Amino acid sequence: MTQTRDARTPTGAHRALPPSHGAAPRLVAVGGGKGGVGKTLVAANLAAALAQAGRRVVAVDTDLEGANLHTVLGVGAPRMSLADYVAKREPDLRKLLVDTPIPGLRLIAGTHGHLGAPQLRSFRRVALLGELRKLPADFVLVDLGAGTHPSVMDYFLVGDDGILVLTPEPTSVENAYSFLRAAFYRRLRLAMTSESARKLVNQAMDQGNERGIRTPLDLLREVRAIAPEEGLRLTAAIQGFRPRIVVNSVRSAEDVRLGFAVRSVCRKYFGIAADYIGYVNHDDAVTQAIRQRRPVVVTHPHADAAVYLTRIARKLLENGGPGRTTRAARATAQVGFAARRPTA
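Mind the numbering: the sequence shown is residues -17 to 326 in this note's numbering, read in order.
Here it is as structure tokens:
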């Protein structure tokens, strides 16, 4: 694949939609099954592209154990960060906002985290998510930590969009499936209101469980047998889970097809409709941009990677599309894990 397209203007860069001032910001969570897949790169560049399109954007780094979103956005380590909210030193997120070199884009960094207690417990995660929706912005881009920690899953699930970033490497693909499976079953568990139904979901998470629950349909059958109303909740939770897929560091047509393969697996094994919203070419311009501590959509706007990242941002701008979580589904998840605040 070619590395640059100098004659091409990044899609959407000069066709901004009118900003939606006054409404609650749209929460977009960007995660990955493992570190090194480029989730921070994607989060930073989507945030920058949305800001270039005239939106008010806040980028939030929740990876308190490995925060580097500020570096990619050209911001030195701020004096205060999300770690101060976690440690209860600063309850007002607005006081943690810092400007970036990109007009319209502000940052809540994740620097100076307490390694002994890097993540919020469940009931405080609910509070944080509520505070994020009060920020003066059109979009809030949340850069998640790697892996399947409950905090990562909850941020991914309660956002209006959950974007999963993977690369065309066997380890990345394997971890992406693990991430999706963990998010899927956590979503189902959070949707259940009875302890018996939650126990069934817990059993289904063990692929070798003795009840023979191997698929979501098996689980649905078991849940309906004990509580028909819980079966309705389970069905709604399955239908409402629509993660968005981005394949990073693409080098060939086969790599491009990986996103469609992941989408097919989601449909076949989980019964969910994932949305493949785009891919990003492997591009030397990305490395140059990282060294300059700037998003590639800013430093090399005509490079392949910048063009494709801007296209993905454009898709987020266009009405939300099928990946957007309904308010009812978000509320269900929030009530679910808030009601069980003593756990993770």
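Each residue gets a CB set at the ideal place from its N, CA and C atoms; glycine is no exception. Computed from a predicted model, the values in this text were never measured in an experiment.
- Taking the CA atoms as reference points, Arg115 sits about 42 Å from Glu192.
- If you draw a 10 Å sphere on the C-beta of Arg61, you find fewer than 16 other C-beta atoms in it, and that means exposed.
- Taking 8 Å as the upper bound for CB-CB distance, Leu55 and Ala26 are in contact here, some 5 Å apart.
- Counting along the chain, Asp237 sits inside the alpha helix (DSSP H) bounded by residues 235 to 247.
- About 4 Å separates the CB atoms of Gly144 and Phe138; that is less than 8 Å, so the two are in contact.
- Residues Tyr167 of the same chain have their beta carbon placed closer than 7 Å to that of Met187, with the five preceding and five following residues left out of the count.
- In the three-state reduction of the DSSP assignment, Phe166 falls in the helix class, which pools H, G and I.
- In the three-state DSSP reduction, Gly213 falls in the helix class (H, G or I).
- In this structure, Leu89 sits away from Ala65, with a CB-CB distance that is not shorter than 8 Å.
- Under the three-state reduction of DSSP, Phe252 is assigned to helix.
- Short of 7 Å from the beta carbon of Phe242, and not among the five residues preceding or following it, lie these beta carbons of its own chain, in chain order: Tyr258.
- In the three-state DSSP reduction, Val124 falls in the strand class (E or B).
- For the pair of segments examined, the segment 150 to 169 was found to touch the segment 214 to 231: the number of CB pairs separated by less than 8 Å reaches three.
- DSSP links Asn263 through a beta bridge to Val232.
- With contact defined as three or more Cβ pairs closer than 8 Å, the segment 113 to 127 and the segment 7 to 25 are in contact.
- Secondary structure at Ile195: coil, using DSSP grouped into helix, strand and coil.
- Across the set Gly222, Cys248, Gly260, Asn184, the C-alpha of Asn184 shows the shortest separation from the C-alpha of Glu204.
- The C-alpha of Tyr251 lies about 26 Å from the C-alpha of Ile294.
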